[in-house]
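In my numbering, the protein residues as written are 43 to 292.
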């Protein structure tokens, strides 16, 4: 028995995946491995004795409840897709497998999780690329193609709006060329306020992304000192923005 326990302990701690032993009813952590620490961002000392709920790990606690119900009814949990939250607040797409075991008279869970965030993201980007190519090929005009792609990206990512700024012939200024927005008054007002705005190299967030040639992410663009005040609309913009340059070989 001691030999088998030693083998289990070595396998538990050697795995690069998230491995955790928890109390089934409460979610309290009994033991975690280094893979858990790396993915979750919580140290072993921070996790042991506390529950996953107290640590805010489950983005959707009902997902855990559904998995527990499945196990309790005699089912198995293998590679279940769930969303977990790390200590930094980042959401991680995980595939969990669970087994029930009894320790000291308590029903416990052995959970093994694999972080598939990057893999899922790569799959989504490939799919978006294929869809974008189909939209461009079937569009009646370049303008219609751009707007269709903006809408597709926004809807797939849950974004309220998207704007496309095009440079003039001398590449000295950017002006709004296409946009898409959800059916919301403040969002449409924001798009309308962008119509007469010109971005010069390095001016505003758009100008900065244009000049650098690099994608730019801001957590709250309406409060970012680099944003042009003339496009800040009351009631809109209390959120993140992702800006990226579009390069064409044609």
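We treat Cβ as the ideally placed atom computed from N, Cα and C, and that holds for glycine. Quick caveat: nothing in here was measured; it's all calculated off a predicted structure.
Going by DSSP, what residues sit across from residue 110 in a beta bridge?
For the purposes of this step, residue 110 is taken as residue 68 along the chain shown, with counting starting at 1. DSSP output for residue 110 lists no bridge partner at all.
Flag this pair as touching only if the stretch 249-267 and the stretch 219-234 have three or more C-beta atom pairs under 8 Å; answer yes or no.
At 8 Å Cβ cutoff, the stretches do not touch.
Whole angstroms are fine: how far does the CA of residue 94 sit from the CA of residue 66?
Within the chain shown, residue 66 is the residue found at index 24, counting from 1. Within the chain shown, residue 94 is the residue found at index 52, counting from 1. About 11 Å.
Using the DSSP secondary-structure output, state which residues sit across from residue 142 in a beta bridge.
If you number the chain shown from 1, residue 142 lands on position 100. Paired residues: 151.
Assuming the contact rule is C-beta atoms closer than 8 Å, residue 109 and residue 122 should be a hit. Round their C-beta distance to whole Å, please.
Translated into positions along the chain shown, residue 109 becomes position 67. Translated into positions along the chain shown, residue 122 becomes position 80. Indeed they touch by this definition, with Cβ atoms about 6 Å apart.
Sorted by chain position, which residues of the same chain lie with C-beta nearer than 8 Å to residue 112's C-beta, five sequence neighbours on each side aside?
Along the chain shown, one-based indexing puts residue 112 at 70. Closer than 8 Å at the Cβ level, and outside the excluded window around residue 112, lie 118, 119.
One question on the structure: do residue 59 and residue 163 come within less than 8 Å of each other, judged by their Cβ atoms?
The sequence position of residue 59 within the chain shown is 17, counting from 1. The sequence position of residue 163 within the chain shown is 121, counting from 1. No, these two residues do not count as a Cβ contact at 8 Å.
Indicate the three-state DSSP secondary structure (helix, strand or coil) for residue 134 in the structure shown.
Residue mapping note: residue 134 aligns to position 92 of the chain shown, counting from 1. Residue 134 falls in the strand class under three-state DSSP.
Per DSSP, what kind of secondary structure is residue 232 in: helix, strand or coil?
The residue given as residue 232 occupies position 190 in the chain shown. Of the three classes helix, strand and coil, the one that applies to residue 232 here is helix, per DSSP.
If we count the other Cβ atoms within 10 Å of its Cβ and call it buried at 16 or more, is residue 169 buried or exposed?
Here residue 169 refers to the residue found at position 127 when the chain shown is read from its first residue. That one is exposed.
Could you tell me which of 98, 132, 211, 195 sits nearest to residue 204, measuring between CA atoms?
Locating residue 204 in the chain shown gives position 162, where the first residue counts as 1. Minimum Cα distance to residue 204 is reached at 195.
Could you please give me the residues that DSSP links to residue 70 through a beta bridge?
Position 28 of the chain shown holds residue 70. BP columns for residue 70 point to 93.
DSSP three-state label for residue 246, please.
Looking up residue 246 in the chain shown gives position 204. In the structure shown, residue 246 sits in a helix (DSSP, three-state: H, G or I).
Closest to residue 150 by CA distance: which of 240, 132, 68 is it?
Residue numbering aside, residue 150 sits at position 108 when the chain shown is read from its first letter. For the residues 240, 132, 68, the minimum Cα distance to residue 150 belongs to 68.
Taking Cβ positions, are residue 126 and residue 99 nearer each other than 8 Å?
As a working mapping, residue 126 is identified with position 84 in the chain shown. As a working mapping, residue 99 is identified with position 57 in the chain shown. Yes, they are a contact pair.
Is the distance from the Cβ of residue 81 to the Cβ of residue 130 below 8 Å?
As a working mapping, residue 81 is identified with position 39 in the chain shown. As a working mapping, residue 130 is identified with position 88 in the chain shown. The answer is no: Cβ separation not under 8 Å.
Measuring only between beta-carbons, confirm whether residue 212 sits less than 8 Å from chain C.
Annotation note: the requested chain C is absent from the structure, which comprises a single protein chain.
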